[in-house]
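Take a look at the structure below.
Residue numbers (my numbering): 17 to 282.
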């Protein structure tokens with residue numbers, strides 16, 4: 017009798033499968049690499065290529081008229097990269113150019129590229145396609161005025177979140193609201209010290225803000241306060257990755273629950 021291990025099929029579920037990939041792989045994302053790691057034999061035939069335009073004349077003209085537009089839409093991470101590279105060549109600050117514009121992104125990877133450059137994507141559709149963006153726009157109040165909502169507690173990354181929220185507020189002239197949430201009817205020294213530091217920091221930065229101490233489940237309270245007209249800024253969790261995987265974390269739970277944009281600061 018011969019025993020056959022199924023470990024190989026579990027590790028390489030696509031072994032023996034040939035797949036034609038028509039998208040272009042990038043340094044940030046390689047579909048071919050992911051398929052090959054599962055055992056597939058990949059034939060890569062890129063049908064499209066994303067690169068800078070042959071002429072920047074039209075782009076340069078529109079950038080100088082940025083105040084005449086309401087939204088900027090990015091459909092790919094590459095688009096963000098090329099746009100910001102061109103602004104650098106023109107010696108223009110992205111924060112100044114986008115200070116009067118709202119930003120929409122197709123996909124979380126695109127929104128992440130925007131956030132990495134100190135900008136905020138206010139609209140990211142559930143379906144990461146152009147059609148999904150159009151659908152999201154149809155449900156979106158285009159005249160909505162946003163505020164920054166900073167969740168302040170005793171976690172190590174709270175100060176980073178406060179500083180980042182302050183930068184966003186200054187760049188886009190958006191008011192700030194801060195909340196400190198406790199599950200109990202009391203707030204320990206860690207919570208009050210963090211809140212006092214945050215208020216002092218915002219005063220020194222000349223930021224208009226309000227602050228509340230609230231009692232309840234943190235995720236639910238943040239959800240209720242945020243509604244659909246805030247941009248939430250939170251510090252990332254420093255929880256053990258294994259515990260985070262099984263139990264989740266406050267920032268990730270907020271991201272899954274809330275309907276408004278959220279920035280998690282590491």
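C-beta atoms are modelled at their ideal positions from N, C-alpha and C, and glycine is treated no differently.
In this text, all values refer to a predicted model and were calculated from it rather than measured experimentally.
Endpoints, beta strand (DSSP E) assigned at residue i
i           : result
residue 163 : 163-167
residue 196 : 192-198
residue 228 : 225-231
residue 124 : No beta strand (DSSP E) holds residue 124; the alpha helix (DSSP H) holding it covers 124-132.
residue 138 : 137-139
residue 59  : 57-60
residue 251 : 246-251
residue 119 : 118-121
residue 82  : Unbroken run through residue 82: none, as it is neither H nor E.
residue 34  : 34-37
residue 88  : 87-90
CB contact below 8 Å: residue i versus chain D
i           : result
residue 209 : No chain D is present in this structure, which holds just one protein chain.
N- and C-terminal bounds of the alpha helix (DSSP H) containing residue i
i           : result
residue 100 : 93-105
residue 216 : 205-220
residue 181 : 174-188
residue 111 : 110-113
residue 53  : 47-53
residue 266 : 266-273
residue 73  : 73-79
residue 281 : Note, residue 281: premise wrong, no alpha helix (DSSP H); beta strand (DSSP E) at 278-281.
residue 242 : 234-242
Nearest-angstrom Cβ-Cβ length linking residue i and residue j, presumed shorter than 8 Å
i           : j           : result
residue 184 : residue 136 : 6 Å
residue 196 : residue 239 : About 16 Å separates the two Cβ atoms, so there is no contact after all.
residue 248 : residue 270 : 7 Å
residue 281 : residue 180 : 5 Å
residue 162 : residue 190 : 6 Å
residue 64  : residue 93  : Their Cβ separation, rounded to whole angstroms, is 14 Å, which puts residue 64 and residue 93 out of contact at 8 Å.
residue 267 : residue 250 : 5 Å
residue 187 : residue 115 : 6 Å
residue 199 : residue 233 : 7 Å
residue 62  : residue 40  : 4 Å
residue 201 : residue 231 : 6 Å
Other residues of its chain near residue i: CB distance less than 6 Å, five sequence neighbours each side excluded
i           : result
residue 34  : 57
residue 221 : 182
residue 204 : none
residue 31  : 55
residue 60  : 37 and 48
Close-in-space but distant-in-sequence residues of the same chain around residue i (CB under 8 Å, 5 per side omitted)
i           : result
residue 131 : 137 and 279
residue 318 : Since the first residue shown for the chain is 17 and the last is 282, residue 318 is missing from the structure and cannot be characterised.
residue 235 : 266, 269, 270 and 273
residue 170 : 204, 206, 207, 209 and 210
residue 215 : 194, 225 and 227
residue 108 : 79
residue 52  : 58
Beta-carbon proximity list for residue i, same chain, < 7 Å, skipping 5 on both sides
i           : result
residue 261 : Note that residue 261 scores 42 on pLDDT, short of 50, meaning its location in the model is unreliable and no value can be drawn from it.
residue 100 : 110 and 133
residue 241 : 165 and 195
residue 229 : 196 and 203
residue 102 : 72 and 75
Self-check item: Stretch pair the region 118-129 + the region 79-92: three plus CB contacts closer than 8 Å
Solution: yes
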